[in-house]
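Chemist: In terms of this note's numbering, the sequence shown opens at residue 1 and continues consecutively.
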Amino acid sequence: MTLLDARQLVVKKIDELKNRVKKLDKKPSLVIIRVGEDFASGKYVANKIKRCEEVGIESKIIHLDENVTQDTVQKTILDLNNDDNVTGVLLQLPIPKHLDEDYLTNLIKDEKDVDGFTIENMGKLSLGLDGNVACTPRGIITLLKEFNIDIEGQDVLIINRSNIVGKPLSQLFLKENATVTIAHSKTKNLKEKIKLSDIVVTAVGKANFLGVDDFSDNTTIIDVSINFNEFGKMCGDVSKEDYDALANDKNCNLTPVPNGVGQMTVIELIEQTIEIQEKKEGK
Ligand code: NAP
């Protein structure tokens, strides 16, 4: 088995992106809007800012109060849309329940929507047109290609149908000529479907949801989930205790949690911000 550890790829990507930034007339600038005090969000935002610094692009956090009004968030987004010095805008999710997440996300100008979540960008992806693409799905395809894992013609099962993971990812796999099945909480015979798949992407969000007995030999397993076990340690859906058995008995490939998909999400976000600036400059 290969452990699909993203860390080396990230180091390589940072170098590559640094060079691309140097060739630009203007440094790209990413603005992250964070609302409230969600602990995990705080960590994700800090990580994104750190990567921006490493690559040499400008970044800024606008941290709004937990009780901020919808109007204030709306005005913040519209101001950023109109600011020529801002390349990319991101509304860090989740946001407090009194705010309309879908409405606010879709207010971001399509060209500046570095997360690829607006209706226009999601629509373009479905139609196979050029646009910004959700970063986690992008990162999964990049990782598979980096490790030379065949996608074309493979049977891919995605256990997730969310707008940020399953739906955009299914489009990217189709573009790569895979045969895609999407599973969710109402899917029948999930275990049989897992056994029949060449690539299984799991983003259920439940620690120990899957183990060694669930997979056939030689399966590539992409574990997207970020869960915390009973000891507060980060883990995915696949039981960590089974990593060795998956490697030694079943010859599976597996993305570890941490240091797998999560690392890729951040680097793709930075790359997409740079791409937006490159397009602006016709490069
Ligand atoms: P979500 O919207 O809650 O999606 C979970 C999906 O799992 C849903 O489609 C749900 O089905 C399905 N599901 C739940 N129980 C199931 C079961 N017993 N059998 C089959 N399917 C089941 O969550 P999300 O926002 O997509 O995130 C999913 C996970 O990925 C979370 O752990 C999140 O932290 C992680 N994540 C990681 C990254 C990263 O960068 N690594 C990025 C995004 C998300 P229904 O649709 O029927 O409810």
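Ideal Cβ placement from N, Cα and C applies to all residues, glycine included. Please read these numbers as outputs of a predicted model, since none were measured by experiment.
Report the option in 85, 38, 83 and 57 whose CA atom is closest to the CA atom of residue 63.
Modeler: For residue 63, the nearest C-alpha among the options comes from 38.
Chemist: For residue 35 versus residue 86, is the C-beta spacing smaller than 8 Å?
Modeler: no
Chemist: For residue 55, which of helix, strand or coil comes out of DSSP?
Modeler: Residue 55: helix per DSSP, three-state reduction.
Chemist: Output the residue ranges of the alpha helix (DSSP H) runs that lie fully inside the stretch 60 to 97 and measure 4 residues or longer, sorted by chain position.
Modeler: 70 to 81
Chemist: Which same chain residues end up closer than 8 Å to residue 276 when comparing Cβ atoms and leaving out the 5 residues on each side of it in sequence?
Modeler: 28, 87, 88, 111, 112, 114 and 132
Chemist: Within 10 Å of its beta-carbon, does residue 256 have 16 or more other beta-carbons around it, so buried, or fewer, so exposed?
Modeler: buried
Chemist: Here's a check: name, in chain order, each residue in its chain whose Cβ is nearer than 6 Å to the Cβ of residue 207, leaving out the five neighbours to either side.
Modeler: 227, 229 and 235
Chemist: Would you tell me roughly how many angstroms separate the C-alpha atoms of residue 233 and residue 282, rounded to the nearest one?
Modeler: Whole-angstrom Cα-Cα distance: 45 Å.
Chemist: Any chance the CB of residue 136 is under 7 Å from a heavy atom of the ligand NAP?
Modeler: yes
Chemist: Would residue 202 pass as a contact of residue 244 if the rule is Cβ separation under 8 Å?
Modeler: Not a contact, by the Cβ cut-off of 8 Å.
Chemist: So is the beta-carbon of residue 203 under 7 Å away from any non-hydrogen atom of the ligand NAP?
Modeler: yes
Chemist: Is any heavy atom of the ligand NAP found at a distance shorter than 7 Å from the C-beta of residue 6?
Modeler: no
Chemist: For the stretch 6 to 16 against the stretch 263 to 276, are there 3 or more C-beta pairs whose distance is under 8 Å?
Modeler: yes
Chemist: Less than 8 Å between the C-beta atoms of residue 176 and residue 141, yes or no?
Modeler: Closer than 8 Å, so yes.
Chemist: Determine which residues share a DSSP beta bridge with residue 228 and list them.
Modeler: 234
Chemist: Using only CA atoms, which one of 168, 73, 179 and 22 lies nearest to residue 120?
Modeler: 168
Chemist: Based on the DSSP secondary-structure assignment, which residues constitute the bridge partners of residue 246?
Modeler: Looking at the DSSP assignment, residue 246 forms no beta bridge with any residue, so it has no partner.
Chemist: Examine the ligand NAP and report whether any of its heavy atoms sits within less than 7 Å of the Cβ of residue 207.
Modeler: no
Chemist: Hey, quick one: how far does the beta strand (DSSP E) through residue 220 stretch, first residue to last?
Modeler: 220 to 223
Chemist: Strictly by DSSP, which residues pair up with residue 253?
Modeler: 220
Chemist: Report the CB separation of residue 165 from residue 174 in whole angstroms; it is logged as a contact under 8 Å.
Modeler: About 15 Å separates the two Cβ atoms, so there is no contact after all.
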